[in-house]
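There are 2 protein chains.
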Amino acid sequence: MAVSGGRRARDVVLGVLASGRGTNLQAIIDATISRQIPARLAVVLSDREDAKALERAREAGIEALHIPPGRFKTKLEPEIELKYAQALKDRNVELVLLAGFMRVLHGNFLSAFHNRIMNIHPSLLPSFPGLKAQTQAWEYGVKIAGCSVHLVNDMVDGGPIILQAAVPVTEDDTPDTLADRILKEEHRCYVEAVRLYCEGRLRLDGRRVRVLADHGADPAGGGG
Amino acid sequence: MAVSGGRRARDVVLGVLASGRGTNLQAIIDATISRQIPARLAVVLSDREDAKALERAREAGIEALHIPPGRFKTKLEPEIELKYAQALKDRNVELVLLAGFMRVLHGNFLSAFHNRIMNIHPSLLPSFPGLKAQTQAWEYGVKIAGCSVHLVNDMVDGGPIILQAAVPVTEDDTPDTLADRILKEEHRCYVEAVRLYCEGRLRLDGRRVRVLADHGADPAGGGG
Chain A
1 MAVSGGRRAR DVVLGVLASG RGTNLQAIID ATISRQIPAR LAVVLSDRED AKALERAREA
61 GIEALHIPPG RFKTKLEPEI ELKYAQALKD RNVELVLLAG FMRVLHGNFL SAFHNRIMNI
121 HPSLLPSFPG LKAQTQAWEY GVKIAGCSVH LVNDMVDGGP IILQAAVPVT EDDTPDTLAD
181 RILKEEHRCY VEAVRLYCEG RLRLDGRRVR VLADHGADPA GGGG
Chain B
225 MAVSGGRRAR DVVLGVLASG RGTNLQAIID ATISRQIPAR LAVVLSDRED AKALERAREA
285 GIEALHIPPG RFKTKLEPEI ELKYAQALKD RNVELVLLAG FMRVLHGNFL SAFHNRIMNI
345 HPSLLPSFPG LKAQTQAWEY GVKIAGCSVH LVNDMVDGGP IILQAAVPVT EDDTPDTLAD
405 RILKEEHRCY VEAVRLYCEG RLRLDGRRVR VLADHGADPA GGGG
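For the protein sequence lines, the chains are A and B, in the order given. For the first sequence, position 74 (counting from the first letter as 1) is numbered 74 according to our numbering, and the numbering increases by one without interruption. With positions in the second sequence counted from 1, the corresponding number in our numbering is that position plus 224.
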């Protein structure tokens with residue numbers, strides 16, 4: 001099953017959902033500007049008015065919307081989730097990127113963007129799903145930590161994995177220094193995963209994501 | 225808490241429990257012969273009379289004992305587990321290595337060799353504990369697989385992790401080709417973990433294993 005279609009003549013339209021600092025958002029913004037990924041970032045939505053992510057979007061000239069999440073702590077109110085989906089559809093968003101978005105998305109949103117929602121998680125899934133994955137990994141005592149880009153489905157951090165990167169845990173690491181090193185790999189992996197999507201090189205085979213070779217590269221040398 | 229004491233003047237005495245091919249056993253045998261690890265392998269015990277591991281031991285001039293496991297499939301009969309422990313104690317075994325031993329060990333055996341039993345597992349724990357870890361990982365669709373050397377406690381594949389190695393999953397991997405690549409890393413990691421133990425460089429801090437720097441190396445250059 002195709003996750004993303006063949007190589008396109010035009011840019012893929014991206015939307016980002018973010019709650020926090022937005023460093024992964026910044027990596028995506030930078031990669032669209034540098035044309036490392038053939039995409040246009042149409043809108044950034046946040047449940048938090050004070051999210052640094054909204055500021056980063058505005059600074060880059062990208063529409064930034066705060067949509068209050070409603071009365072729940074870990075999810076959006078159902079009618080509000082519809083608002084998020086509609087805001088993305090209104091801007092013709094094709095691929096939704098979660099970048100530190102701290103709320104779980106549910107059925108209607110997921111089916112509106114079936115296999116078109118990506119998330120980045122700071123662990124080598126399926127180890128350490130959920131919150132504070134880097135601290136979980138440090139406390140467990142793993143010697144190899146890492147990050148995972150995956151498609152979002154109805155299992156928290158349980159969707160098909162697109163890319164992973166390993167990050168060794170060093171003797172003098174604290175949860176914070178480990179998280180900092182993982183974050184650098186998150187930026188690299190997330191950009192790479194979005195690039196693969198935009199180049200039409202991802203296929204789903206059951207729950208396994210196949211990455212096609214870059215045969216679509218322009219033989220005249222115009223490819224990335 | 226010290227797992228292994230300071231650098232010793234004499235070899236550490238090892239015992240191995242194995243059920244199968246014994247390729248990890250062979251890696252340990254080779255490393256004792258080459259003096260990569262300062263240890264002597266005193267005995268290999270197996271629940272299977274036809275285990276290739278027993279043959280490998282005999283070929284290397286190491287005592288090889290088949291002790292029938294009794295009536296259970298996934299564990300030893302309690303009295304027989306005591307026999308295993310006694311056979312190791314009788315030979316002054318200090319560190320017990322599980323090398324493809326297909327039965328879960330229980331309380332009395334574990335307390336007889338508390339924090340002195342190591343296992344090698346073909347996944348990046350805590351992902352994919354249990355049987356056929358490589359196939360589990362392949363089917364889940366991880367992009368980074370690997371192996372883990374850990375201390376054995378009463379949680380299956382859940383003890384403190386000593387070393388891990390990451391193994392990328394390639395597009396053309398099958399569970400078998402992946403398992404073969406992981407196995408090479410198992411051999412390397414297991415030897416390295418046993419060496420660290422024998423050099424007195426492992427400390428337990430809660431469930432985290434600290435690896436001490438090699439300050440004990442002979443300044444005259446006699447160290448490994």
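By construction, the Cβ of each residue, glycine as well, lies at the ideal position given by its N, Cα and C atoms.
6 Å CB neighbourhood of residue i in its chain, flanking five on each side removed
| i | result |
| --- | --- |
| residue 64(A) | 44, 54, 57, 58 |
| residue 255(B) | 261, 415 |
| residue 75(A) | 103, 104 |
| residue 48(A) | 19 |
Residue from the options with nearest C-alpha to residue i
| i | options | result |
| --- | --- | --- |
| residue 114(A) | 39(A), 79(A), 32(A), 95(A) | 95(A) |
| residue 382(B) | 261(B), 343(B), 263(B) | 343(B) |
| residue 418(B) | 246(B), 296(B), 388(B), 263(B) | 263(B) |
| residue 163(A) | 321(B), 395(B), 385(B) | 395(B) |
| residue 302(B) | 421(B), 332(B), 227(B), 422(B) | 332(B) |
Alpha carbon of residue i to alpha carbon of residue j, nearest angstrom
| i | j | result |
| --- | --- | --- |
| residue 146(A) | residue 183(A) | 9 Å |
| residue 304(B) | residue 101(A) | 54 Å |
| residue 26(A) | residue 84(A) | 21 Å |
| residue 156(A) | residue 129(A) | 7 Å |
| residue 69(A) | residue 335(B) | 53 Å |
| residue 211(A) | residue 35(A) | 20 Å |
| residue 275(B) | residue 243(B) | 6 Å |
| residue 357(B) | residue 82(A) | 40 Å |
| residue 22(A) | residue 92(A) | 22 Å |
| residue 67(A) | residue 140(A) | 37 Å |
| residue 60(A) | residue 160(A) | 31 Å |
| residue 198(A) | residue 106(A) | 25 Å |
| residue 17(A) | residue 208(A) | 25 Å |
| residue 366(B) | residue 46(A) | 30 Å |
| residue 3(A) | residue 71(A) | 34 Å |
| residue 131(A) | residue 424(B) | 36 Å |
| residue 438(B) | residue 389(B) | 20 Å |
| residue 86(A) | residue 196(A) | 26 Å |
| residue 446(B) | residue 297(B) | Its pLDDT being 37, under 50, residue 446(B) is placed unreliably in this model, and the value from its coordinates should be taken loosely. Each residue's Cα considered, the two are about 47 Å apart. |
Span of the beta strand (DSSP E) around residue i
| i | result |
| --- | --- |
| residue 17(A) | 12-18 |
| residue 389(B) | 385-392 |
| residue 67(A) | That residue, residue 67(A), is in no beta strand (DSSP E); it is neither H nor E in DSSP. |
| residue 429(B) | 426-429 |
| residue 37(A) | Residue 37(A) -> no beta strand (DSSP E), and no H or E assigned at all. |
| residue 210(A) | 208-211 |
| residue 145(A) | 144-151 |
| residue 194(A) | Residue 194(A) -> not in any beta strand (DSSP E); alpha helix (DSSP H) instead, spanning 175-198. |
| residue 99(A) | 95-99 |
| residue 92(A) | Residue 92(A) -> no beta strand (DSSP E), and no H or E assigned at all. |
| residue 118(A) | 117-121 |
Sequence-distant residues of the same chain with beta carbon closer than 8 Å to residue i, five excluded per side
| i | result |
| --- | --- |
| residue 362(B) | 369, 393, 397, 398, 399, 402 |
| residue 220(A) | In this prediction, residue 220(A) scores a pLDDT of 43, lower than 50, which makes its location untrustworthy; no coordinate-derived value is stated. |
| residue 286(B) | 253, 265, 266, 267, 268 |
| residue 167(A) | 144, 145, 146, 147, 178, 181, 182, 185 |
| residue 378(B) | 330, 331, 334 |
| residue 218(A) | For residue 218(A), the predicted structure reports a pLDDT of 47, less than 50, and the residue's modelled location is therefore unreliable. The matter cannot be settled from this model. |
| residue 313(B) | 336 |
| residue 33(A) | 60 |
Chain-order list of residues whose beta-carbon lies under 7 Å from that of residue i (same chain, five-residue window excluded)
| i | result |
| --- | --- |
| residue 24(A) | 99, 100, 120, 186, 187, 190 |
| residue 135(A) | 175 |
| residue 116(A) | 94, 95, 96 |
Element boundaries [alpha helix (DSSP H), containing residue i]
| i | result |
| --- | --- |
| residue 332(B) | 331-336 |
| residue 133(A) | 133-140 |
TODO: Would you be able to state if there are at least three C-beta pairs under 8 Å between the stretch 198-213 of chain A and the stretch 233-245 of chain B?
DONE: no
Open item on the list: I want to know whether the stretch 369-389 of chain B touches the stretch 339-359 of chain B - three or more CB-CB distances under 8 Å.
Closed with: yes
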